[in-house]
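Quick note, the sequence shown lines up with residues 15 to 361 if you use my numbering.
Please read the structure below before turning to the comments.
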Amino acid sequence: MRSNLFAKMKDRIKDLLDEIDNFNADSLDNVEAFRIKFLGSKGILKDLFTNFKNVDVCENKDIGQSLNNLRKTETDKVNALKNSLENSSQDKSNYGDLTRPAEPINLGSRHPISIVKNKIIDVFSRIGFTVSEGPEIEDDWHNFTALNLPEYHPARDMQDTFFIEKDPDILLRTHTSSVQVRYMENHKPPIRTISPGRVFRNEDISARAHCIFHQVEGLYIDTDVSFADLKQTLLYFTKEMFGKSKIRLRPSYFPFTEPSAEVDIYWGLETETDYKITKGTGWLEIMGCGMVDPNVLENANIDPLVYSGFAFGMGIERIAMLLYQIPDIRMFYENDVRFLKQFKLVI
Ligand code: PHE
15 MRSNLFAKMK
25 DRIKDLLDEI
35 DNFNADSLDN
45 VEAFRIKFLG
55 SKGILKDLFT
65 NFKNVDVCEN
75 KDIGQSLNNL
85 RKTETDKVNA
95 LKNSLENSSQ
105 DKSNYGDLTR
115 PAEPINLGSR
125 HPISIVKNKI
135 IDVFSRIGFT
145 VSEGPEIEDD
155 WHNFTALNLP
165 EYHPARDMQD
175 TFFIEKDPDI
185 LLRTHTSSVQ
195 VRYMENHKPP
205 IRTISPGRVF
215 RNEDISARAH
225 CIFHQVEGLY
235 IDTDVSFADL
245 KQTLLYFTKE
255 MFGKSKIRLR
265 PSYFPFTEPS
275 AEVDIYWGLE
285 TETDYKITKG
295 TGWLEIMGCG
305 MVDPNVLENA
315 NIDPLVYSGF
325 AFGMGIERIA
335 MLLYQIPDIR
345 MFYENDVRFL
355 KQFKLVI
């Protein structure tokens with residue numbers, strides 16, 4: 015016969031197991047209260063273990079096991095509830111408040127050289143020029159000889175060259191005119207193309223000069239192309255690019271063009287900086303140009319008796335320095351984020 019106490023304790027333990035099984039909590043505080051209720055120093059288990067001392071010796075093994083099982087069930091339940099509540103609160107903090115406005119995304123910015131390059135491309139593409147590119151490492155033919163600069167021509171000194179190999183000469187292109195030679199070799203006129211790209215010259219680095227810089231050169235070849243077409247194209251370009259349409263052409267010399275000219279635009283003398291950058295004259299040189307020399311056309315198998323053309327070339331850095339009032343060319347290559355992030359707007 016089981017004692018009364020035994021039966022009562024067994025019933026109680028069964029009820030408590032049910033209670034544990036049915037318990038659910040929506041907060042960690044609730045779980046803690048539930049833990050204290052069972053496992054606290056004045057909790058149910060403490061009570062039951064005290065009573066357990068009064069259980070008959072032959073029955074206490076059974077009761078002892080049931081109590082241990084009850085304690086374990088309670089502990090497991092508390093731990094499981096805690097875990098799931100902690101995880102779900104972590105989930106919440108991961109997502110945060112979904113109605114909050116998003117953090118602004120830190121957008122990068124274009125390099126000023128790219129901004130100016132893209133603008134130049136945009137202006138010329140509107141009058142039918144395509145973009146052509148070529149290698150930075152060139153042979154002598156495309157950089158010099160085909161451009162009417164045969165070996166020993168004194169004008170080769172105008173462009174201090176980085177040579178990579180001698181005989182045959184392999185070099186870093188000194189201008190993107192080399193791309194135009196390649197273009198003429200592969201395309202029949204009419205030709206309208208601009209060649210933006212990086213060029214290299216063995217020059218001392220200073221605030222105004224660098225051994226690496228960027229150019230955009232243009233080439234237009236068709237029947238009956240005259241100097242007047244060149245001038246109109248330049249007028250259109252300066253108007254679109256700088257909003258200024260007063261230009262002058264100064265006679266100059268380039269081996270690949272004849273006649274040749276240097277283009278100045280009237281920048282004005284409104285501000286102190288205008289005085290500085292134009293050395294007090296108001297005029298600024300922005301590019302070289304001219305009518306393509308017949309020898310250059312011949313070198314590219316284009317008949318100079320049928321076709322004529324014009325070419326021009328400008329330095330992107332120089333134009334970017336003007337537009338953004340940048341005093342030192344070296345700033346373009348230092349990758350200083352404080353400098354670079356100023357150029358967010360496309361001009
Ligand atoms: N290639 C010349 C330079 O790099 C620029 C130029 C191009 C001049 C076309 C005239 C015609 O200086």
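C-beta atoms are modelled at their ideal positions from N, C-alpha and C, and glycine is treated no differently.
None of the values given here were measured: they were computed from a predicted structure.
Q: Would you tell me roughly how many angstroms separate the C-alpha atoms of Leu283 and Tyr166, rounded to the nearest one?
A: Locating residue 283 in the sequence shown gives position 269, where the first residue counts as 1. Locating residue 166 in the sequence shown gives position 152, where the first residue counts as 1. Computed Cα separation, rounded: 43 Å.
**Q.** Extent of the continuous beta strand (DSSP E) to which Leu185 belongs
**A.** Position 171 of the sequence shown, counting from 1, holds the residue named residue 185. Looking at the DSSP string, the run of the beta strand (DSSP E) that includes Leu185 is 184 to 186.
Q: Starting from Tyr267, trace the beta strand (DSSP E) both ways and give me its first and last residue.
A: Locating residue 267 in the sequence shown gives position 253, where the first residue counts as 1. Note, Tyr267: beta strand (DSSP E), 261 to 268.
Q) Does DSSP put Tyr234 in a helix, in a strand, or in coil? A) Locating residue 234 in the sequence shown gives position 220, counting from the first residue. Three-state result, Tyr234: strand.
Q: Measure how close the beta-carbons of Ile261 and Ile279 come, nearest whole angstrom, since I'm counting them as under 8 Å.
A: Counting from one through the sequence shown, the residue named residue 261 turns up at place 247. Counting from one through the sequence shown, the residue named residue 279 turns up at place 265. So it is a contact: roughly 5 Å between Cβ atoms.
Q: Helix, strand or coil for Asp171, going by three-state DSSP, please let me know.
A: Counted from its first residue, the sequence shown places residue 171 at position 157. Helix at Asp171.
Q: Measure how close the beta-carbons of Ser209 and Glu147 come, nearest whole angstrom, since I'm counting them as under 8 Å.
A: Counting from 1 along the sequence shown, the entry for residue 209 is found at position 195. Counting from 1 along the sequence shown, the entry for residue 147 is found at position 133. Sure, about 7 Å apart at Cβ, within 8 Å.
Q | Coarse secondary structure for Asp43, derived from DSSP in three states | A | In the sequence shown, the residue the question calls residue 43 occupies position 29. Three-state result, Asp43: helix.
Q) Does DSSP put Glu348 in a helix, in a strand, or in coil? A) Counted from its first residue, the sequence shown places residue 348 at position 334. Glu348 falls in the coil class under three-state DSSP.
Q: Assign Arg212 to one of three DSSP states: helix, strand, or coil.
A: In the sequence shown, counting from the first residue as 1, residue 212 sits at position 198. Arg212: strand per DSSP, three-state reduction.
Q | For Phe324 and Leu244, believed in contact at Cβ under 8 Å, the rounded distance | A | On the sequence shown, position 230 is the one that residue 244 refers to. On the sequence shown, position 310 is the one that residue 324 refers to. About 4 Å separates the two Cβ atoms, so the contact holds.
**Q.** Beta-ladder partner(s) of Glu179, from DSSP
**A.** Stepping through the sequence shown from its first residue, residue 179 is reached at position 165. Partner(s): Ile184.
Q. Within 10 angstroms of its Cβ, does Glu100 collect 16 or more other Cβ (buried), or is it exposed?
A. Against the sequence shown, residue 100 aligns to sequence position 86. Flag for Glu100 reads exposed.
(Q) For Ser192, would you say it is in contact with chain B, using Cβ-to-Cβ distances shorter than 7 Å as the test? (A) Among the protein chains of the structure shown there is no chain B, as only one such chain exists.
Q. Using CA coordinates, which residue listed in Thr285, Ala223, Asn38 is at the minimum distance from Asn93?
A. Here residue 93 corresponds to residue number 79 of the sequence shown, with the count starting at 1. Of Thr285, Ala223, Asn38, the residue nearest in Cα terms is Asn38.
Q) DSSP state of Asp32, grouped into three classes? A) By 1-based counting over the sequence shown, the position of residue 32 is 18. In the structure shown, Asp32 sits in a helix (DSSP, three-state: H, G or I).
Q: Starting from the C-beta of Ala223, find all residues in its chain whose C-beta is less than 6 Å away, skip the five residues before and the five after it, and write them out in chain order.
A: Along the sequence shown, one-based indexing puts residue 223 at 209. Closer than 6 Å at the Cβ level, and outside the excluded window around Ala223, lie Glu217.
Q. Are the segment 303 to 317 and the segment 149 to 166 touching, with three or more C-beta to C-beta distances below 8 Å?
A. yes
Q. Val193: buried (16+ other C-beta within 10 angstroms of its C-beta) or exposed?
A. By one-based count along the sequence shown, residue 193 stands at place 179. Buried, by the Cβ-count rule.
Q.
Between the alpha carbons of Arg170 and Asp154, how many angstroms are there, rounded?
A. Translated into the one-based positions of the sequence shown, residue 170 becomes position 156. Translated into the one-based positions of the sequence shown, residue 154 becomes position 140. About 11 Å.
**Q.** Anticipated Cβ contact below 8 Å, Phe346 with Gly232, distance rounded
**A.** Residue mapping note: residue 346 aligns to position 332 of the sequence shown, counting from 1. Residue mapping note: residue 232 aligns to position 218 of the sequence shown, counting from 1. By a beta-carbon distance limit of 8 Å, Phe346 does not contact Gly232. Their separation comes to about 22 Å.
**Q.** One or two residues paired with His201 in a DSSP bridge
**A.** Within the sequence shown, numbered from 1, the residue matching residue 201 stands at position 187. DSSP output for His201 lists no bridge partner at all.
Q) What is the DSSP secondary structure of His125, counted as helix, strand or coil? A) Stepping through the sequence shown from its first residue, residue 125 is reached at position 111. Under the three-state reduction of DSSP, His125 is assigned to coil, being neither helix nor strand.
Q: Please report how far the alpha carbon of Val69 lies from the alpha carbon of Leu19, in whole angstroms.
A: Taking the sequence shown and counting its residues from 1, the one referred to as residue 69 is at position 55. Taking the sequence shown and counting its residues from 1, the one referred to as residue 19 is at position 5. Here the alpha carbon of Val69 sits roughly 7 Å from the alpha carbon of Leu19.
Q.
Quick check on DSSP: helix, strand or coil for Ala94?
A. Numbered from its first residue, the sequence shown carries residue 94 at position 80. In this structure, Ala94 counts as helix in the three-state DSSP scheme.
(Q) Please report the straight-line C-alpha distance between Thr247 and Gly142, rounded to a whole angstrom. (A) Against the sequence shown, residue 247 aligns to sequence position 233. Against the sequence shown, residue 142 aligns to sequence position 128. In a straight line, the C-alpha of Thr247 is about 11 Å away from that of Gly142.
Q. Alpha carbon to alpha carbon, how far is Met255 from Arg114?
A. Residue mapping note: residue 255 aligns to position 241 of the sequence shown, counting from 1. Residue mapping note: residue 114 aligns to position 100 of the sequence shown, counting from 1. When rounded, the distance between both Cα atoms is 43 Å.
Q. By Cβ distance, which residues of its chain are closer than 6 Å to Ile34, with the 5 residues on each side in sequence left out?
A. On the sequence shown, residue 34 is found 20 positions in, with the first residue counted as 1. These residues qualify, in order along the chain: Thr87, Glu88, Lys91.
Q: Using only alpha-carbon positions, find the residue among Ala242, Asp136, Arg215 that is nearest to Asp174.
A: Position 160 of the sequence shown, counting from 1, holds the residue named residue 174. The candidate whose alpha carbon is nearest that of Asp174 is Arg215.
Q) According to DSSP, is Leu354 helix, strand or coil? A) By 1-based counting over the sequence shown, the position of residue 354 is 340. Here Leu354 sits in helix by DSSP.
Q: Assuming Gly304 and Thr271 form a contact by the criterion Cβ under 8 Å, report the distance between their Cβ atoms to the nearest whole angstrom.
A: Here residue 304 refers to the residue found at position 290 when the sequence shown is read from its first residue. Here residue 271 refers to the residue found at position 257 when the sequence shown is read from its first residue. Indeed, because the Cβ distance is near 3 Å, the residues count as touching under 8 Å.
Q) My guess is that Arg187 and Glu152 are in contact by the Cβ rule of under 8 Å, so how many angstroms apart are they, rounded? A) Mapped onto the sequence shown, residue 187 falls at position 173. Mapped onto the sequence shown, residue 152 falls at position 138. Arg187 to Glu152, Cβ: 4 Å. Contact.
Q. To the nearest angstrom, how far is it from the Cα of Gln79 to the Cα of Gly110?
A. Taking the sequence shown and counting its residues from 1, the one referred to as residue 79 is at position 65. Taking the sequence shown and counting its residues from 1, the one referred to as residue 110 is at position 96. Using only the alpha carbons, I get a separation of about 46 Å.
Q | Environment of Phe285 [buried if 16+ CB atoms lie within 10 Å] | A | Walking along the sequence shown from the start, residue 285 turns up at place 271. The identity of residue 285 in the sequence shown is Thr, whereas the question assumes Phe. With fewer than 16 other Cβ atoms within 10 Å, it is exposed.
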